[in-house]
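Trainee: Have a look at this one.
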Amino acid sequence: MECANAENFSKRRDYLCFESTEEIKLPRDPLQQIIGQPEAVRIAKIAAKQRRNLLLVGPPGTGKSLLAQSIAFHLPAPMEEISVLHNPEAPERPFVEVRSAEKIAEEQKIARQSQGKMVEPSEVPSFVAERLGFRCRRCGRLSRATEASCPNCGLDKYSSLQSPFSDLIGTYLDEPRRQDRVHTTRSAGDREEVIVYERHGEKIRVLDQAALERIDALKRSRPRKVLVPLERKSFVSVTGASETEILGDVRHDPYGGHSQVGTQPYLRVVPGAVHEAHEGVLFIDELSALNQVQRNLLTAMQEKKYAIVGKNPQSAGASVRVDGVPCDFILVAASNINDLSYILPPLRSRIIGNGYEVLLETQMPDSPQNRAMLVQFIAQEIRKDGRIPHVAPSAAEAIANEAARRAKALDDASNSLTLRLRELSGIIRLAGDLAEAEGAPLIEKKHVEAAVKRGHNIEEQLKERYGSIWKANVSESALNPKPGKQKEIS
Ligand SMILES: Nc1ncnc2c1ncn2[C@@H]1O[C@H](COP(=O)(O)OP(=O)(O)OP(=O)(O)O)[C@@H](O)[C@H]1O
Ligand SMILES: [Mg+2]
Numbered sequence: 001m002e003c004a005n006a007e008n009f010s011k012r013r014d015y016l017c018f019e020s021t022e023e024i025k026l027p028r029d030p031l032q033q034i035i036g037q038p039e040a041v042r043i044a045k046i047a048a049k050q051r052r053n054l055l056l057v058g059p060p061g062t063g064k065s066l067l068a069q070s071i072a073f074h075l076p077a078p079m080e081e082i083s084v085l086h087n088p089e090a091p092e093r094p095f096v097e098v099r100s101a102e103k104i105a106e107e108q109k110i111a112r113q114s115q116g117k118m119v120e121p122s123e124v125p126s127f128v129a130e131r132l133g134f135r136c137r138r139c140g141r142l143s144r145a146t147e148a149s150c151p152n153c154g155l156d157k158y159s160s161l162q163s164p165f166s167d168l169i170g171t172y173l174d175e176p177r178r179q180d181r182v183h184t185t186r187s188a189g190d191r192e193e194v195i196v197y198e199r200h201g202e203k204i205r206v207l208d209q210a211a212l213e214r215i216d217a218l219k220r221s222r223p224r225k226v227l228v229p230l231e232r233k234s235f236v237s238v239t240g241a242s243e244t245e246i247l248g249d250v251r252h253d254p255y256g257g258h259s260q261v262g263t264q265p266y267l268r269v270v271p272g273a274v275h276e277a278h279e280g281v282l283f284i285d286e287l288s289a290l291n292q293v294q295r296n297l298l299t300a301m302q303e304k305k306y307a308i309v310g311k312n313p314q315s316a317g318a319s320v321r322v323d324g325v326p327c328d329f330i331l332v333a334a335s336n337i338n339d340l341s342y343i344l345p346p347l348r349s350r351i352i353g354n355g356y357e358v359l360l361e362t363q364m365p366d367s368p369q370n371r372a373m374l375v376q377f378i379a380q381e382i383r384k385d386g387r388i389p390h391v392a393p394s395a396a397e398a399i400a401n402e403a404a405r406r407a408k409a410l411d412d413a414s415n416s417l418t419l420r421l422r423e424l425s426g427i428i429r430l431a432g433d434l435a436e437a438e439g440a441p442l443i444e445k446k447h448v449e450a451a452v453k454r455g456h457n458i459e460e461q462l463k464e465r466y467g468s469i470w471k472a473n474v475s476e477s478a479l480n481p482k483p484g485k486q487k488e489i490s
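When we follow the working numbering, the leftmost residue of the sequence shown carries the number 1, and every step to the right adds one.
And the structure:
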C-alpha cells in the first residue's frame, strides 16, 4: 500500500497506510535511520565532514552509540597504513613508518612483478624442461612432473644415468636428474643475463634479471610489523577503562627480546584504540570512567601522535618505546548527565574547542509524522533482529501508544512519544517472539499488549503482585527473615 507523503498526513491514523511493516522502505544511510534526533544528526553530519569531536549526553538507549557508528559511515576510507620497523642499531626503539595507499599499491605491484612469469613446460628450453622433470631425456616426450616414468618410452625420468659398471664402482656417473630450480643465462641484446626457472606444480615460473633484482631489494628491506592495516573499520569503540586497550602496549618476552631465542621488540608492539582509530572515529562510552587515562587521551588529541610503550614495569616490554605513532581520530564520547562533572575540564574544553556537545532528546511530539518515523523504527528493528515477523498496522499503533505511555511515565511528557528506544525495541522483540511461537504471520495488537505486560520491569511486577514496593518488602522479610532476626525469634 502506498503512503501519502508524511507532510500531507491529514488524519491522525494516516501513518498506518501499510499492510505490514515489510513494505516500509528503509534508508541506506545509517544517519537517516536515527529517528527523533534531528539536531544530533545535523551535528553528526558536520562532525563527519569537518572532522570535529562530539560529546553525546543522554540517558541509556537514546542512540548515542548508533550516532557514533553512523559518523564513521560518512568518512572516506582510510588512506594510511601504520607499521613498526626493526631498528638494527637499537632494537628497543623500533621505527614507525606510515605508508600511503598509493605507496602500498606501488609496492604490491613490484612484489607481483617480482613473482616472475608462469609458463608451460613446452615454452622453456628442452634441457630446462628435462631437469625440472617434465621432459624425457630419451624420447623427448613432455609429461607431468609428478609422473616418475615417461608415458611414451617408460624411462624412469628421475633415476640418474647409471654406468654399466656402477655395481663395481658403486657410484653414479651423473647427478640426480630432477631439480626444482634451474639457473642459466640468456643473451639480452648485447649482454648475458641470468635467468632462473622454478617448478611450480605443473607449471614453470621464469624469473628474469629484473625480477631477481626486485626480490633482492624486497629481501633487503627492513622487517616490519603492520600495526594498523589500510583495510580497516573507521569505527573503533572502547568500553573498558583499560590503559593498554586505549594507548597500546609492548608484550612481555621471557627471553628479553634475545636476537636468537626471543621475539624482537618490534614484533611485540601492540597498537592502542587511539592508533587503530587513526583517520576514523574513536568512540568512548562513559568517558568519565576513563579517570586518569583522560589526560593521555587529551595529549593524543593535541599531538595527533602517541608513543607506544610497555605499560608493565615488571615486563621486558617496559624498555621498548615507539615514538610518534600517528593517531588522528575524531573523538565521539558518550556520558550520562550525572557523570559530566567527572570529565576532565581540559578534555571537555578540547571537545568544545574543536567540536560540539549534544544533549539527546528523550521524547518527540506525538504527531502522525513522528508516528510514521516510529513505524520506520519498527521496520528497522525487525530487519535487524531477523528472527521475528513483521508488524500489522494495529500492532504498530499499539507500539506507538506504548511509546506515548512511556514518554508520560518516564519523562512526564504529555502528547509525546518516547525516544528511549532500546526499551521499546525490547517490546517489539518480545511481541515478535510471542507471534513466532504461535506461528502467526504478523505481529498483531494482542502480541504487543501481552509483550507490554510481560515486559514490565521488576519494580512494576512487584507493584502488580503486592500493590506497592513497600508491601513487597514487608512480605519478602516475613518469608525470608534475615539470619540475625531469625535468632531473635527463636
Ligand atoms: N534515535 C534512534 N533511532 C533509531 N533507533 C534507535 C534510536 N535510539 C536508539 N535506537 C535503538 O536502540 C538501540 C540502542 O541504542 P544505542 O546503543 O545507540 O543507545 P545508547 O544511547 O548508546 O545507550 P547506552 O547509554 O546504554 O550505551 C539501537 O541499536 C537502536 O536499535
Ligand atoms: Mg551506547
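Beta carbons are placed, not taken as given, at the ideal position from N, Cα and C, and that holds for glycine.
Please confirm whether R224 and L85 have their CB atoms less than 8 Å apart.
Mentor: On the sequence shown, residue 224 is found 224 positions in, with the first residue counted as 1. On the sequence shown, residue 85 is found 85 positions in, with the first residue counted as 1. Cβ distance < 8 Å, so R224 and L85 count as in contact.
Trainee: If you draw a straight line from the alpha carbon of V375 to that of R383, how long is it in whole angstroms?
Mentor: The residue you call residue 375 lines up with position 375 of the sequence shown. The residue you call residue 383 lines up with position 383 of the sequence shown. Straight-line Cα distance between these residues: approximately 12 Å.
Trainee: F329 bridges to which residues according to DSSP?
Mentor: Start at 1 with the first residue of the sequence shown, and residue 329 comes out as number 329. Bridge partners of F329: none, in fact.
Trainee: Nearest-angstrom Cα distance between L421 and D253?
Mentor: On the sequence shown, position 421 is the one that residue 421 refers to. On the sequence shown, position 253 is the one that residue 253 refers to. Approximately 48 Å between the Cα atoms of the pair.
Trainee: Is the closest heavy atom of ligand 1 to the C-beta of L230 under 7 Å?
Mentor: Within the sequence shown, numbered from 1, the residue matching residue 230 stands at position 230. No.
Trainee: Quick check on the DSSP output: the alpha helix (DSSP H) that includes M373 runs from which residue to which?
Mentor: For the purposes of this step, residue 373 is taken as the residue at position 373 of the sequence shown. Looking at the DSSP string, the run of the alpha helix (DSSP H) that includes M373 is P368 to D385.
Trainee: Just to confirm, are A395 and A437 a CB contact at a threshold of 8 Å?
Mentor: As a position in the sequence shown, residue 395 is number 395, starting the count at 1. As a position in the sequence shown, residue 437 is number 437, starting the count at 1. Taking 8 Å as the Cβ cut-off, A395 and A437 do not qualify as a contacting pair.
Trainee: By a C-beta neighbour count over all protein chains shown, 10 Å radius and 16 as the cutoff for buried, is S341 buried or exposed?
Mentor: Your numbering for residue 341 matches position 341 in the sequence shown. By the neighbour-count rule (16 or more Cβ atoms within 10 Å), S341 is not buried but exposed.
Trainee: Rank D208, K157 and Q294 by C-alpha distance to the C-alpha of T185 and give the top, closest one.
Mentor: In the sequence shown, residue 185 corresponds to position 185, counting from 1. Closest option to T185, Cα to Cα, is D208.
Trainee: Where do the ends of the beta strand (DSSP E) carrying N291 lie?
Mentor: For the purposes of this step, residue 291 is taken as the residue at position 291 of the sequence shown. Run containing N291: none; DSSP gives neither H nor E here.
Trainee: With a 10 Å radius around its C-beta and 16 neighbouring C-beta atoms as the bar for buried, classify T239 as buried or exposed.
Mentor: As a working mapping, residue 239 is identified with position 239 in the sequence shown. It is exposed - the Cβ of T239 has fewer than 16 other Cβ atoms within 10 Å.
Trainee: Could you check if A435 is buried or exposed, using at least 16 other CB atoms within 10 Å of its CB as the buried criterion?
Mentor: Translated into the one-based positions of the sequence shown, residue 435 becomes position 435. Buried: at least 16 other Cβ atoms inside 10 Å.
Trainee: Please list, in chain order, all residues with a C-beta atom less than 7 Å from at least one heavy atom of ligand 2.
Mentor: With the cut-off at 7 Å, the residues found are K64, S65, D285 and A334.
Trainee: Can you give the Cα-Cα distance for T171 and A101, rounded to whole angstroms?
Mentor: Within the sequence shown, numbered from 1, the residue matching residue 171 stands at position 171. Within the sequence shown, numbered from 1, the residue matching residue 101 stands at position 101. Caution is warranted here: a pLDDT of 45 is assigned to T171, below 50, making its placement in the model unreliable, and no coordinate value can be reported.
Trainee: What is the rounded straight-line gap between the Cα of R321 and the Cα of S83?
Mentor: Against the sequence shown, residue 321 aligns to sequence position 321. Against the sequence shown, residue 83 aligns to sequence position 83. Cα-Cα distance, rounded: 14 Å.
Trainee: Taking the alpha carbon of D249 as the point to measure from, which residue in S237, S315, V332 and E286 has its own alpha carbon closest?
Mentor: Working through the sequence shown from its first residue, we reach residue 249 at position 249. The candidate whose alpha carbon is nearest that of D249 is S315.
Trainee: With a threshold of 7 Å on Cβ separation, who are the neighbours of L347 within its own chain once the five nearest residues in sequence on each side are excluded?
Mentor: Here residue 347 refers to the residue found at position 347 when the sequence shown is read from its first residue. The residues are Q294, L297 and L298.
Trainee: Three or more beta-carbon pairs under 8 Å between the stretch 215-222 and the stretch 134-141, yes or no?
Mentor: Touching, no, given that fewer than three Cβ pairs across the two stretches are closer than 8 Å.
Trainee: Determine which residues share a DSSP beta bridge with M79 and list them.
Mentor: Working through the sequence shown from its first residue, we reach residue 79 at position 79. Note: M79 sits in no beta bridge, so no partner.
Trainee: A400 and L417 - do their beta-carbons sit closer together than 8 Å?
Mentor: Stepping through the sequence shown from its first residue, residue 417 is reached at position 417. Stepping through the sequence shown from its first residue, residue 400 is reached at position 400. Contact: yes.
Trainee: Rounded to whole angstroms, what's the CA-CA distance from S242 to L56? Just pull it up for me.
Mentor: In the sequence shown, residue 242 corresponds to position 242, counting from 1. In the sequence shown, residue 56 corresponds to position 56, counting from 1. Cα to Cα, S242 sits roughly 21 Å from L56.
Trainee: With a Cβ-Cβ cutoff of 8 Å, do V332 and I71 count as a contact?
Mentor: For the purposes of this step, residue 332 is identified with residue 332 of the sequence shown, where counting begins at 1. For the purposes of this step, residue 71 is identified with residue 71 of the sequence shown, where counting begins at 1. Yes, these two residues count as a Cβ contact at 8 Å.
Trainee: When the Cα of E80 is compared with those of V128, D190, I24 and G280, which residue comes out closest?
Mentor: Taking the first residue of the sequence shown as 1, we reach residue 80 at position 80. Cα-wise, what sits closest to E80 is G280.
Trainee: At which residue ranges does the stretch 404-436 contain complete beta strand (DSSP E) runs of 3 or more residues, listed in the order of the chain?
Mentor: Runs of the beta strand (DSSP E) inside the stretch 404-436: 416-418.
Trainee: State yes or no: is the C-beta of Q363 within less than 8 Å of the C-beta of A413?
Mentor: Counting from one through the sequence shown, the residue named residue 363 turns up at place 363. Counting from one through the sequence shown, the residue named residue 413 turns up at place 413. Taking 8 Å as the Cβ cut-off, Q363 and A413 qualify as a contacting pair.
Trainee: If you measure from the CB of Q32, is any heavy atom of ligand 1 nearer than 7 Å?
Mentor: For the purposes of this step, residue 32 is taken as residue 32 along the sequence shown, with counting starting at 1. Checking every heavy atom of ligand 1 against the Cβ of Q32, none is found closer than 7 Å.
Trainee: Does the stretch 364-373 come into contact with the stretch 11-19, if we say contact requires no fewer than three beta-carbon pairs (one atom in each stretch) closer than 8 Å?
Mentor: Touching, yes.
Trainee: Below 8 Å on the Cβ atoms is my contact criterion, and I expect A318 with G310 to pass it. Report the Cβ-Cβ distance as a whole number of Å.
Mentor: On the sequence shown, residue 318 is found 318 positions in, with the first residue counted as 1. On the sequence shown, residue 310 is found 310 positions in, with the first residue counted as 1. So it is a contact: roughly 4 Å between Cβ atoms.
Trainee: Between T146 and F134, what straight-line distance do the alpha-carbon atoms span, to the nearest angstrom?
Mentor: Taking the first residue of the sequence shown as 1, we reach residue 146 at position 146. Taking the first residue of the sequence shown as 1, we reach residue 134 at position 134. Going from the Cα of T146 to the Cα of F134 covers about 8 Å.
Trainee: Tell me whether F283 counts as near ligand 1, meaning its Cβ is closer than 7 Å to at least one heavy atom of that ligand.
Mentor: Residue mapping note: residue 283 aligns to position 283 of the sequence shown, counting from 1. Outside the cutoff, so no.
Trainee: Between which residues of its own chain and L152 is the CB-CB distance below 8 Å, once the five residues before and five after are set aside?
Mentor: As a working note, residue 152 is residue 152 in the sequence shown. With the sequence shown as reference, residue 152 is identified as Asn, and Leu is not the correct amino acid for it. C136, C139, R141 and S143, listed in sequence order.
Trainee: Return the residue from the list K117, E460, A409 and A210 that minimises the CA-CA distance to E198.
Mentor: Walking along the sequence shown from the start, residue 198 turns up at place 198. Cα-wise, what sits closest to E198 is K117.
Trainee: Between the beta-carbon of A300 and the beta-carbon of V274, is there less than 8 Å?
Mentor: Here residue 300 refers to the residue found at position 300 when the sequence shown is read from its first residue. Here residue 274 refers to the residue found at position 274 when the sequence shown is read from its first residue. Yes, the Cβ-Cβ distance between A300 and V274 is below 8 Å.
Trainee: On the criterion of 16 or more Cβ atoms from any shown chain inside 10 Å, does R52 qualify as buried, or is it exposed?
Mentor: Sequence index remark: in the sequence shown, residue 52 carries index 52 (1-based). Flag for R52 reads buried.
Trainee: DSSP beta-bridge partners for G355?
Mentor: The count along the sequence shown starts at 1 and reaches residue 355 at position 355. BP columns for G355 point to N53.
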